[in-house]
Amino acid sequence: PGVAKGSGWDQLGNRRNRFFMYENNNNPRLRPMRQAIYEYHRSSLDMMHEDPDRSRAIMVSALTTIEQVNNAVPNSAIVQMFADSKRTEILEIFKGASRGQQSKVYNIMVKIDPAQASQYAPIK
Numbered sequence: 092p093g094v095a096k097g098s099g100w101d102q103l104g105n106r107r108n109r110f111f112m113y114e115n116n117n118n119p120r121l122r123p124m125r126q127a128i129y130e131y132h133r134s135s136l137d138m139m140h141e142d143p144d145r146s147r148a149i150m151v152s153a154l155t156t157i158e159q160v161n162n163a164v165p166n167s168a169i170v171q172m173f174a175d176s177k178r179t180e181i182l183e184i185f186k187g188a189s190r191g192q193q194s195k196v197y198n199i200m201v202k203i204d205p206a207q208a209s210q211y212a213p214i215k
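Convert by adding 91 to the 1-based position in the sequence shown; the result is the number in this note's numbering.
Right, here's the structure in full:
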């Protein structure tokens with residue numbers, strides 16, 4: 092019984108493992124992150140073909156929520172995994188956006204993904 096032993100369940104080392112993904116997915120403080128991920132995918136990506144401008148606006152709203160979560164719970168595994176998995180997608184989507192949206196997304200992404208800030212230069 093209890094938490095399984097093994098290299099993905101350590102609470103003390105790297106915060107990017109199964110333990111922290113489980114913890115982040117069940118932590119009430121990260122509920123806005125889970126809602127933002129849903130909005131990002133369901134209300135934005137899934138509707139991009141119908142209305143790209145509206146979908147990008149929804150995506151900016153979701154990214155703003157993720158930025159707020161990152162400010163409240165710095166270095167959370169779920170925010171970092173989101174940034175790692177969505178970086179290229181976000182860049183491609185916002186290459187066709189307005190200058191204002193590009194700037195806003197750039198400012199958000201360099202805060203939640205500072206180690207990869209140079210990757211966001213195309214939308215700066």
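The beta carbon of each residue, even a glycine, is placed where N, CA and C say it ideally should be.
Can you give me the Cβ contacts of residue i inside the same chain, cut-off strictly under 6 Å, excluding the 5 residues immediately before and after it?
i, result
"S167", "N115"
"M138", "S146"
Just to confirm, are residue i and residue j a CB contact at a threshold of 7 Å?
i, j, result
"I214", "Q193", "yes"
"D142", "A174", "no"
"V164", "P123", "no"
"A188", "R147", "yes"
"K180", "A153", "The sequence shown places Glu at residue 180, rather than the Lys named in the question. No; because the gap between Cβ atoms is not below 7 Å, this pair is not in contact."
"V201", "A212", "no"
Please check the pair residue i and residue j, which I expect to be a contact at CB under 8 Å, by giving their CB distance rounded to whole angstroms.
i, j, result
"M150", "I128", "About 11 Å separates the two Cβ atoms, so there is no contact after all."
Tell me whether residue i sits in a helix, a strand or coil according to DSSP, three-state version.
i, result
"E180", "helix"
"M150", "helix"
"G187", "coil"
"E130", "helix"
"K215", "coil"
"N161", "helix"
"M139", "coil"
Give every residue of the same chain whose Cβ lies closer than 7 Å to the Cβ of residue i, excluding the five residues on either side of it in the sequence, and list them in chain order.
i, result
"I157", "M124, A127, V170, F173 and I203"
"Y197", "Y211, I214 and K215"
"R178", "D204, Q207 and Q210"
For residue i, which residues from the same chain have a beta carbon less than 8 Å from its beta carbon, with the 5 sequence-adjacent residues on both sides left out?
i, result
"D144", "none"
"L121", "N115, V160, V164, S167 and I169"
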